[in-house]
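A short write-up of the structure that comes next.
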Amino acid sequence: MALLPFLVGLLTLALIYGLLALGLNLQYGVTGLLNFGHVAFFAIGAFTSALLTLPPKGSAAYLQAGAHYQIGLGWPVPVGFLLAGVAGGLLALLIGATSVRLSSHYLAIATFAMAEIVRSVLTNEDWLTRGEFGISNVPQPLKDTVIPASVYPYAYLAATAVVVAVLLALTVRLTESPYGRALRSVRDDEVAARSLGKRTPALKLGAFAVGGALAGFAGSLWTHSLGVVHVGQFVPIVTFQVWLAVLMGGSGNAYGALLGSLALMAITQSTRFLGDLPLLSGLTRRNPSFVPSLRFVLIGLLLIGVVRFFPRGILPERPRRPRRRAGPGRREGAGGEGSAGGQDHGGQDHGGQDHGGEDRGGEDRGGDAGGGLGDEAAGDAPPGEAKP
Amino acid sequence: MTAFLQTLIFGLATGAVISLSAVGLSLSYGVTRFINFSYGEFLTLGAYFTVLGVALGLSLPVAIVLAMAAVGIAGVALARVFFDPLMDRGFLPLLVTSVGLAFVLQNVVRMFAGSNPIRFPLPLMRPWHVGALFVPKVPVLVVVVALLAMIGVHLLLTLTRIGKMMRATSDNPALARASGISTARVLAATWFLSSAIGGLGGVLLAMTQIAVQPVMGWSFLLVVFAAVLLGGIGNPYGAMLGSLVVGLGIELGTTYLSPDYGHAFAFLILVLVLLLRPRGILRGAF
Chain W
1 MALLPFLVGL LTLALIYGLL ALGLNLQYGV TGLLNFGHVA FFAIGAFTSA
51 LLTLPPKGSA AYLQAGAHYQ IGLGWPVPVG FLLAGVAGGL LALLIGATSV
101 RLSSHYLAIA TFAMAEIVRS VLTNEDWLTR GEFGISNVPQ PLKDTVIPAS
151 VYPYAYLAAT AVVVAVLLAL TVRLTESPYG RALRSVRDDE VAARSLGKRT
201 PALKLGAFAV GGALAGFAGS LWTHSLGVVH VGQFVPIVTF QVWLAVLMGG
251 SGNAYGALLG SLALMAITQS TRFLGDLPLL SGLTRRNPSF VPSLRFVLIG
301 LLLIGVVRFF PRGILPERPR RPRRRAGPGR REGAGGEGSA GGQDHGGQDH
351 GGQDHGGEDR GGEDRGGDAG GGLGDEAAGD APPGEAKP
Chain G
1 MTAFLQTLIF GLATGAVISL SAVGLSLSYG VTRFINFSYG EFLTLGAYFT
51 VLGVALGLSL PVAIVLAMAA VGIAGVALAR VFFDPLMDRG FLPLLVTSVG
101 LAFVLQNVVR MFAGSNPIRF PLPLMRPWHV GALFVPKVPV LVVVVALLAM
151 IGVHLLLTLT RIGKMMRATS DNPALARASG ISTARVLAAT WFLSSAIGGL
201 GGVLLAMTQI AVQPVMGWSF LLVVFAAVLL GGIGNPYGAM LGSLVVGLGI
251 ELGTTYLSPD YGHAFAFLIL VLVLLLRPRG ILRGAF
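Okay, here's the thing in C-alpha cells:
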C-alpha cells in the first residue's frame, strides 16, 4: 500500500479531529465544561452540510447516482460549510441553555444523554437522513471539474489546512482576549468570577456554543472529504477520542489540541494494520471483530494512561501569572507549583460543586487527605442547580 | 386493556432490572463520589460469565451466583488498579478513566466472544393464563429476583456491621475514619457489592432481552443514569423509585408514542429531571 496517500488521509483526518479538539478545548480546556456529547455537534454539522449541498431530488445528478434521499438543496459547498457551523453552534446553544448551569457531573451526563438523543433522532428520522443506510453521494467540491481525482486528496488536505488554520487563529485570538481570561476564570473559580460580577452562565454558554460551532465546521469538512454521511459514524467513542486528543495534547492549549489530534490519528490509523501481523491474523480468521476490538481496547488504555501518567499533555497550558490566595481554605495544587491551569482544574476547583449540592457538600471524597480542612471553600459552593 | 396490562408487566420487569443496577451504581457513588461510566460493563460481564458457566455445564442458578462473585472480584480488582490511585486527584480523572475502562472491558468481551448476540440459556417457560391475559413468566421471575436482591441489599445496609460502615462512610467519610472505620476496607466491600449487583443486573437484563451482546451494558447505562439521577444521586432507595418511573416510561412510550425510540424516552426523562429537579425525587443520604 502506498505510503503517501495514507499520510495524506491521516493528516486530513488529524486536521478535522483537530478542529473538533479545538472546540472541546475551548469548552473543557479553557472554560472547564465537561462536554461528553461533542459528537452530536459533529453529526449535526455533517448532516447539515450534506443535505444542503446534495443535488436536489429528481435532478439529473440525483438520477444518475441512483440516490434515494428526500432532501437536497444543491447549494454551494461553502454555504453548506458555514451553515454547518451555524447548526452546530445553535444545537450547542440549545443544549447549553438547558444544561450549562448544571454542575460538572450532571453536565457530563446531560451532554452525553443529549448526544444519544440526537443520534436516536438521526437514526429514526430516516426520511431525512436515510438512517443506517446513510447518504453516499455527498458532493466533493470542484472534484473532476477543476481538480482531477488523482490529486484531489492533496487539494482537499490543503484546503482543510487553510480552513483549520484560520479557525485556529480566530480561536487563539478569542482565548487570549479578555473574554478568554473571563472564561478561564470560570474554570478556575466560578464563585470568585461571579463575585467579581462576571455573568458566568452567559460565559459558559458562549464557550459551549463556539465549541459546538467548531465541531459543526469539522462535520462539514469530514462529510465532504468522504463523500458519505451515515449515522453509524457518530457513536459516543468519537467524543472520547476527541477527549483523548485534548488531554494528550495538553488541555487548555489550542496548539496542544491540534498536536494531540495528530498523535491520536497516528496511533489509531497505524493500528489498522495490526491484523496483518502474523501472530494476530490467525485470531482474525476466527473472530473478524478481534482486531477492531483490540484497537478500541488500545484507545481505552491510552485514555486511562494519559489521565494517570501524563495529565498535563504534550503542550501544557502556558502558565499564567499565578494568583495565590492566602489562608487555610486552599491546598496547594498537586501537580504544579507555578501553574494555575493544566490538570489541576479538574480536581481542586470543581471539587466543591461536583455532586450537585447535597447537604454534605463539604465532605467531598473518601480519599481526600485532610478533606475537612481543604474543603472549606467547597462547602460554600453553590448547589448543582444554582441560579444566580 | 389487555395490551395495557401486558405493557405494565414488561414495564415493571424493565423497571426492576434498572432498579437493581441503579442500586449498585448508587452504592459505589455513595462511597467513591464519582459516576462510574464503566458500570454498564459489569452488567455485560455478569451476563457473559453466566453464559460461559452454563456452556461449561453448570446449572443456571449456580452459574449466576458464580458469575456474580466473579464480577464482584473483578470489580474490586479493577478499582484497585484503575481507580484507587486517582482517588485524591478530583473527579475528572476518575470520570475519564471509567470511560476508558468501559471501552477496554466492552471490547475485551468482543475480542473473545465476538460481536454477534448469543442466546441467553433460559429454559422455555409457558406463560400463565389469567383470564384473557397471558402472563409471561420471565418478567415475573425478573421482578421477583430483583426484589429479593434489593431486600437483601437493604438488610445488609441496615443490619450488618459492614453495611452500617458503608452507610457511615457514604454519609461522612472524615467522621467515619475518625470513629475507627477502615475506609479502605469499606471501599473494597462496596466495590464488591456494587459490581456483584451489577453482574446480577446484567443477567436479568439478558433475560428480558433474550440475548447477550457486548454493547448491552454500555447502551443500558444511560437508562440506569436516568434512574439514579431521578431518585437522587447516591441514594439507593431513591434509585429504586426512579427506576420504576423510567422503566414504565420506556415501555409506555415505546408502546403508545413511538416504537422506534425505546431508550430515548429514558434519556428524555433524564434530561427533564436534570432540568427540573437536579437533586432527584428523594434527596439525602441512605
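For the protein sequence lines, the chains are W and G, in the order given. So the first sequence is numbered by my numbering: it starts at 1 and just counts up by one. So the second sequence is numbered by my numbering: it starts at 1 and just counts up by one. Virtual Cβ for every residue (Gly too), placed ideally from N, Cα, C.
Beta bridge counterpart(s) of residue i as assigned by DSSP
{"i": "residue 143 of chain W", "result": "W/147"}
{"i": "residue 135 of chain W", "result": "W/229"}
{"i": "residue 211 of chain G", "result": "G/119"}
{"i": "residue 133 of chain G", "result": "G/130"}
Close Cβ partners of residue i (< 6 Å) along its chain, the five nearest in sequence each way excluded
{"i": "residue 93 of chain G", "result": "86"}
{"i": "residue 27 of chain W", "result": "33, 35, 207, 208, 211"}
{"i": "residue 58 of chain W", "result": "none"}
{"i": "residue 139 of chain G", "result": "9, 10, 13"}
{"i": "residue 117 of chain G", "result": "211, 213"}
{"i": "residue 16 of chain G", "result": "142, 143, 146"}
{"i": "residue 156 of chain G", "result": "163"}
{"i": "residue 101 of chain G", "result": "38, 82"}
{"i": "residue 232 of chain W", "result": "none"}
{"i": "residue 219 of chain W", "result": "42, 45, 46, 84"}
{"i": "residue 337 of chain W", "result": "Residue confidence for residue 337 of chain W is low, a pLDDT of 40 falling below 50, so the modelled location carries little weight; the figure read from the coordinates is stated next. Once the five neighbours on either side are set aside, residue 337 of chain W has no close Cβ partner at all."}
{"i": "residue 221 of chain W", "result": "16, 160"}
{"i": "residue 75 of chain W", "result": "52, 53"}
{"i": "residue 243 of chain G", "result": "15, 18, 19, 22, 227"}
{"i": "residue 88 of chain W", "result": "41, 44, 45, 212, 213, 215, 216"}
Buried or exposed (CB count within 10 angstroms, at least 16 for buried), residue i
{"i": "residue 127 of chain W", "result": "exposed"}
{"i": "residue 4 of chain G", "result": "exposed"}
{"i": "residue 70 of chain W", "result": "exposed"}
{"i": "residue 333 of chain W", "result": "Interpretation of residue 333 of chain W is limited by its pLDDT of 42, a score under 50 that renders its predicted location unreliable; no figure is taken from the coordinates."}
{"i": "residue 346 of chain W", "result": "Note on residue 346 of chain W: pLDDT 39, under 50, position unreliable in the model; the coordinate value appears next. Buried, by the Cβ-count rule."}
{"i": "residue 128 of chain G", "result": "exposed"}
{"i": "residue 102 of chain W", "result": "buried"}
{"i": "residue 39 of chain G", "result": "buried"}
{"i": "residue 256 of chain G", "result": "exposed"}
{"i": "residue 171 of chain W", "result": "buried"}
{"i": "residue 173 of chain W", "result": "exposed"}
{"i": "residue 309 of chain W", "result": "exposed"}
{"i": "residue 7 of chain W", "result": "exposed"}
{"i": "residue 367 of chain W", "result": "Legend: pLDDT at residue 367 of chain W = 37, less than 50; position of this residue unreliable, no value from coordinates given."}
{"i": "residue 133 of chain W", "result": "exposed"}
{"i": "residue 125 of chain W", "result": "exposed"}
{"i": "residue 318 of chain W", "result": "exposed"}
{"i": "residue 151 of chain G", "result": "exposed"}
{"i": "residue 41 of chain G", "result": "buried"}
{"i": "residue 342 of chain W", "result": "A caution first: residue 342 of chain W carries a pLDDT of 40, below 50, which makes its placement in the model too unreliable to give a value."}
{"i": "residue 53 of chain G", "result": "buried"}
{"i": "residue 2 of chain W", "result": "exposed"}
{"i": "residue 288 of chain W", "result": "exposed"}
Cut-off 8 Å between Cβ atoms - residues of its own chain near residue i, not counting five sequence neighbours on either side
{"i": "residue 241 of chain W", "result": "17, 264, 268, 299"}
{"i": "residue 175 of chain G", "result": "168"}
{"i": "residue 124 of chain G", "result": "none"}
{"i": "residue 200 of chain W", "result": "186, 190, 193, 194, 388"}
Presumed contact (8 Å Cβ cut-off) between residue i and residue j, rounded CB distance
{"i": "residue 113 of chain W", "j": "residue 271 of chain G", "result": "6 Å"}
{"i": "residue 183 of chain W", "j": "residue 30 of chain W", "result": "5 Å"}
{"i": "residue 265 of chain G", "j": "residue 249 of chain G", "result": "5 Å"}
{"i": "residue 245 of chain W", "j": "residue 254 of chain W", "result": "In fact, because the Cβ distance is near 12 Å, the residues do not count as touching under 8 Å."}
{"i": "residue 168 of chain W", "j": "residue 22 of chain W", "result": "6 Å"}
{"i": "residue 104 of chain G", "j": "residue 301 of chain W", "result": "6 Å"}
{"i": "residue 75 of chain G", "j": "residue 258 of chain G", "result": "Their Cβ separation, rounded to whole angstroms, is 36 Å, which puts residue 75 of chain G and residue 258 of chain G out of contact at 8 Å."}
{"i": "residue 267 of chain G", "j": "residue 222 of chain G", "result": "6 Å"}
Contact set for residue i: own chain, Cβ-Cβ below 7 Å, skip 5 residues either direction
{"i": "residue 223 of chain W", "result": "46, 49, 50, 138, 229"}
{"i": "residue 294 of chain W", "result": "274"}
{"i": "residue 77 of chain W", "result": "53, 139, 141, 224"}
{"i": "residue 238 of chain W", "result": "39, 42"}
{"i": "residue 14 of chain W", "result": "261, 262, 265"}
{"i": "residue 313 of chain W", "result": "247, 248, 249, 250, 251, 256, 260"}
Exercise. Okay, do the segment 157-169 of chain W and the segment 107-126 of chain W touch, 3+ Cβ pairs below 8 Å being the bar?
Worked result: Segments in contact, no.
Exercise. Any chance the segment 61-77 of chain G sits against the segment 212-231 of chain G, with 3 or more Cβ pairs inside 8 Å?
Worked result: Result no; under three Cβ-Cβ pairs closer than 8 Å.
For this session: Report yes or no: do three or more beta-carbon pairs, one from the segment 193-202 of chain W and one from the segment 256-263 of chain W, lie closer than 8 Å?
Result: Contact fails: fewer than three Cβ-Cβ distances are below 8 Å.
For this session: May I ask you to verify whether the segment 42-58 of chain G touches the segment 233-246 of chain G, counting CB pairs closer than 8 Å and requiring at least 3?
Result: No, the segment 42-58 of chain G does not touch the segment 233-246 of chain G.
Exercise. Is the segment 115-131 of chain W touching the segment 246-255 of chain W, taking contact as three or more C-beta pairs under 8 Å?
Worked result: Verdict: no, contact absent.
Exercise. Does the pairing of the segment 200-210 of chain G with the segment 182-189 of chain G give three or more beta-carbon distances under 8 Å?
Worked result: Counting Cβ pairs under 8 Å, fewer than three are found: no touch.
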